[in-house]
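Engineer: Residue numbers (our numbering): 40 to 265. Backbone N, C-alpha and C fix where the C-beta goes; we use that ideal spot for every residue, glycine too. If you're wondering where the values come from, they're calculated on a predicted model, not measured in any experiment.
(1) DSSP beta-bridge partners for residue 197?
(2) Taking 6 angstroms as the limit between beta carbons, can you name the residues of its chain near residue 113, skipping five residues before and five after?
(3) Measure the alpha-carbon distance for residue 205 versus residue 126 and round it to whole angstroms.
(4) Assuming residue 124 is part of the beta strand (DSSP E), what are its boundary residues?
(5) List the whole-angstrom C-beta distance separating residue 256 from residue 226, where the pair is believed to meet the contact cut-off of C-beta under 8 angstroms.
(6) Between the alpha carbons of residue 269 and residue 250, how many angstroms are there, rounded?
(7) Would you say residue 217 and residue 242 are within 8 angstroms of each other, going by their C-beta atoms?
(8) Taking the alpha carbon of residue 147 as the point to measure from, which residue in 138, 153 and 160 has its own alpha carbon closest?
(9) One question on the structure: do residue 213 and residue 168 come within less than 8 angstroms of each other, judged by their Cβ atoms?
(10) For residue 139, which three-state DSSP category applies?
(11) If residue 215 and residue 179 are in contact, beta carbons under 8 angstroms, what's the gap, nearest whole angstrom?
(12) Which full runs of the beta strand (DSSP E) of 3+ residues lie inside the region 202 to 261, going along the chain?
(13) Just to confirm, are residue 186 and residue 155 a CB contact at a threshold of 8 angstroms?
(14) Can you give me the start and stop residues for the beta strand (DSSP E) that residue 171 sits inside?
(15) Buried or exposed, going by whether 16 or more other CB atoms sit within 10 Å of the CB of residue 174?
(16) For residue 198, collect the residues of the same chain with a Cβ closer than 6 angstroms to its Cβ; drop the 5 residues on either side in sequence, then sort them by chain order.
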């Protein structure tokens, strides 16, 4: 095969373009077919998006109802709505001698029927004394009288004194304003002098004196007597 060239007036030559390689065909999409495809994509893509959104909304209704989270209407008793409940309450004050005391509890419940009474769960009362020592009382339950500033302790009452005494009883009455505590049920305990058991007790003078009432029995340690 011979190739022909064309010589220009200035002596330059124009070479013909090389023929396309054998075995490869360049397929061009007709203009009409390309326009049709663009039109279909513009119509189909929004339609597919609408279908997907519809499936997302309707999917919870199509799947099984087992194990689904539900919010059901709950009937509330009017008495519960009238009850004020606080978690980890804390009350701080001072007694007649300006000695600070603190009352805490796991929870406090106050009924609107009697705002002066507050039920305490696992109350604890700490009384700081003028000489730097302290007295702490804990119980399973308590009833706080706001007006009187007193607490009735019930169940597993424990009395701790900074000087090393520890006593246990089933009930006790704390007068926070006067800085006193007393109990009329059997009390047992121990301290630096020995073990004690009595029919009741009184903590007087803001914890400076502990008086055991009724029939009392004291077992002294040998080292304490010497």
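Structural biologist: Short version:
(1) The count along the chain shown starts at 1 and reaches residue 197 at position 158. 177 and 207.
(2) Against the chain shown, residue 113 aligns to sequence position 74. Summary for residue 113: the model assigns pLDDT 49, below 50, so the residue's position carries little reliability, and this model does not support an answer.
(3) Here the question's residue 205 lines up with position 166 in the chain shown. Here the question's residue 126 lines up with position 87 in the chain shown. Each residue's CA atom was taken as its position, placing residue 205 and residue 126 some 28 angstroms apart.
(4) In the chain shown, residue 124 corresponds to position 85, counting from 1. Looking at the DSSP string, the run of the beta strand (DSSP E) that includes residue 124 is 122 to 126.
(5) The count along the chain shown starts at 1 and reaches residue 256 at position 217. The count along the chain shown starts at 1 and reaches residue 226 at position 187. In fact, because the Cβ distance is near 11 angstroms, the residues do not count as touching under 8 angstroms.
(6) The requested residue 269 does not occur in the structure, where the chain is confined to residues 40 to 265.
(7) In the chain shown, residue 217 corresponds to position 178, counting from 1. In the chain shown, residue 242 corresponds to position 203, counting from 1. Cβ distance not < 8 angstroms, so residue 217 and residue 242 don't count as in contact.
(8) In the chain shown, residue 147 corresponds to position 108, counting from 1. When each option's Cα is compared against that of residue 147, the closest is 160.
(9) The residue labelled residue 213 in the question sits at position 174 within the chain shown. The residue labelled residue 168 in the question sits at position 129 within the chain shown. No, Cβ-Cβ distance for residue 213 and residue 168 is not below 8 angstroms.
(10) Here residue 139 refers to the residue found at position 100 of the chain shown. The answer is strand: DSSP assigns residue 139 an E or B state.
(11) One-based indexing of the chain shown puts residue 215 at position 176. One-based indexing of the chain shown puts residue 179 at position 140. Not really, about 19 angstroms apart at Cβ, beyond 8 angstroms.
(12) 205 to 214, 219 to 222, 226 to 229, 233 to 237, 239 to 243, 248 to 252 and 256 to 259
(13) Looking up residue 186 in the chain shown gives position 147. Looking up residue 155 in the chain shown gives position 116. Yes, Cβ-Cβ distance for residue 186 and residue 155 is below 8 angstroms.
(14) Taking the first residue of the chain shown as position 1, residue 171 is located at position 132. From DSSP, residue 171 is part of no beta strand (DSSP E); its letter is neither H nor E.
(15) The sequence position of residue 174 within the chain shown is 135, counting from 1. Classification of residue 174: buried, given that the 10 Å Cβ count is 16 or more.
(16) Counting from one through the chain shown, the residue named residue 198 turns up at place 159. Excluding residues within five positions, the ones whose Cβ falls inside 6 angstroms are 176 and 206.
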